[in-house]
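Since the structure comes first, as structure tokens, the remarks are kept for the end.
Number of protein chains: 2
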Amino acid sequence: MQTEPEGIGTYHRLRGQCRRHGGDRPCTCAMGNLYRFIEPVALYLLLAKGSAHGYELAAVLQDHQLTDAEVDRGGLYRTLRSLEQMGHVGSQWDVSGGGPARRVYSLTPSGVAHLREWTEVLARMSEQLSAFVRDASGELGEAGLRNG
Amino acid sequence: MQTEPEGIGTYHRLRGQCRRHGGDRPCTCAMGNLYRFIEPVALYLLLAKGSAHGYELAAVLQDHQLTDAEVDRGGLYRTLRSLEQMGHVGSQWDVSGGGPARRVYSLTPSGVAHLREWTEVLARMSEQLSAFVRDASGELGEAGLRNG
DNA sequence: GGCTGATAAGTGTAACCTACATCTATTATG
DNA sequence: CATAATAGATGTAGGTTACACTTATCAGCC
Numbered sequence: 001m002q003t004e005p006e007g008i009g010t011y012h013r014l015r016g017q018c019r020r021h022g023g024d025r026p027c028t029c030a031m032g033n034l035y036r037f038i039e040p041v042a043l044y045l046l047l048a049k050g051s052a053h054g055y056e057l058a059a060v061l062q063d064h065q066l067t068d069a070e071v072d073r074g075g076l077y078r079t080l081r082s083l084e085q086m087g088h089v090g091s092q093w094d095v096s097g098g099g100p101a102r103r104v105y106s107l108t109p110s111g112v113a114h115l116r117e118w119t120e121v122l123a124r125m126s127e128q129l130s131a132f133v134r135d136a137s138g139e140l141g142e143a144g145l146r147n148g
Numbered sequence: 149m150q151t152e153p154e155g156i157g158t159y160h161r162l163r164g165q166c167r168r169h170g171g172d173r174p175c176t177c178a179m180g181n182l183y184r185f186i187e188p189v190a191l192y193l194l195l196a197k198g199s200a201h202g203y204e205l206a207a208v209l210q211d212h213q214l215t216d217a218e219v220d221r222g223g224l225y226r227t228l229r230s231l232e233q234m235g236h237v238g239s240q241w242d243v244s245g246g247g248p249a250r251r252v253y254s255l256t257p258s259g260v261a262h263l264r265e266w267t268e269v270l271a272r273m274s275e276q277l278s279a280f281v282r283d284a285s286g287e288l289g290e291a292g293l294r295n296g
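If you're matching them up, the sequences are chains A and B in order. Residues in the first sequence are numbered consecutively from 1, following my numbering. Residues in the second sequence are numbered consecutively from 149, following my numbering.
As structure tokens, this is what we get:
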């Protein structure tokens, strides 16, 4: 039995407003969650640097982020352990320097292959995104886009 | 107390392999969930077509998808109701044609603004993605990428 | 020794999202 | 009446996110 169009129901709650990024511009939060893509960037950084520990990766991760979201350190550590479970990275403790021990990760061959797969997926996605942005901008009107 | 590097724990389970897309190429499933982005495409289609009902949108949504994932019809209907709750679309029943009644959606001014915001977010994201793909491809080696 | 701060790794969890299966109803066709 | 196409919607296990919080080591300082 089809319900009244007025009775909307509660099966899908409203997404919260972004309480973090101030609202100076549309951010991923307001759009729904796009906070992710830590994995490919972590893999890339490990390939580029040879090896690194989590805390070190967190510092540079932001510069290579695929969205405008901030990096969640907890998420990064969990991503690294997950990559280890999948066999894409290996780790060993480094206690040589001062300060607490560091778990130093490096890519395995399977990790390199995984990054290659990620790259293919993201390349396609980038193309699909830019095609969408082109179409949508056309429909919205270029002038309107430029004037905010 | 820092645990042994061997003891990985179970707080982050392995993601399942993709059981849907056959494995002929790396798909979003294998990478983790990128099934989403229904919302901006639905908004765009409503702008382009003027108005449409869900079943109709589902048919063309695939062509404009932002990832290579298949569209989930349940997700589409929930997205439309959610957009209605947020005031970005309005709906009314159409019982004029044959077959079951159709809930016909159209954009509100706020929906147009929301699509504009989405477009800005996705434009940035597309740029960040393509920069990442460029960097990662460089690090992986172009030859390796071409040869699979 | 005790205190503070930087470094480093990790855990807990409510809320949320996804993917898939399933259900209801209407109309047309045989 | 059975079947299929159309159309909308719901149920849910399991996975993810964002944020808060905890544990631990070491250096510098008093």
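We put the beta carbon where it would ideally sit given N, CA and C, even for glycine.
Check                                                                                                      : Outcome
Contact with chain B by A/Leu57, beta-carbon distance below 8 Å                                            : no
Partners in chain A for B/His212, counting only beta-carbon separations shorter than 7 Å                   : Phe132
With 16 other Cβ atoms within 10 Å as the buried cut-off, status of B/Pro188                               : buried
Separation of A/Val89 from A/Ser110, as counted between CA atoms                                           : 8 Å
Cutoff 8 Å: B/Leu283 Cβ touching any chain A Cβ                                                            : Correcting the residue identity first, residue 283 of chain B is Asp in this sequence and not Leu. Yes, contact with chain A.
Residues that DSSP places opposite A/Tyr44 in a beta bridge                                                : A/Tyr44 is not bridged to any residue.
Buried versus exposed call for A/Trp93 [16 or more other C-beta atoms within 10 Å across all chains shown] : exposed
Backbone CA spacing between A/Gly141 and B/Arg251 [nearest angstrom]                                       : 28 Å
Where the alpha helix (DSSP H) containing A/Gln128 begins and where it ends                                : 109-140
Beta-bridge pairing of B/Gly238 - partner residues as DSSP gives them                                      : B/Ser254
Exposure label - A/Gln154; buried when at least 16 CB within 10 Å                                          : As displayed, chain A neither begins before 1 nor continues past 148, which places residue 154 of chain A out of reach and without an answer.
Inter-residue Cα distance where the pair is B/Phe280 and A/Val133                                          : 18 Å
9 Å Cβ cut-off: residues of chain B touching A/Leu115                                                      : Ala284, Glu287, Leu288
Length of the line joining the Cα atoms of A/Glu84 and A/Tyr105                                            : 9 Å
Proximity winner among A/Ala42, A/Gly54, A/Ile38, A/Leu45, relative to A/Pro100 (alpha-carbon distances)   : A/Gly54
Buried or exposed (CB count within 10 angstroms, at least 16 for buried), B/Val219                         : buried
Own chain residues within Cβ distance below 6 Å of B/Trp266, not counting five before or after             : Pro188
Residue span of the alpha helix (DSSP H) that contains B/Val208, given as start and end                    : 202-209
Neighbour flag for B/Leu277 against chain A, beta carbons, 8 Å                                             : yes
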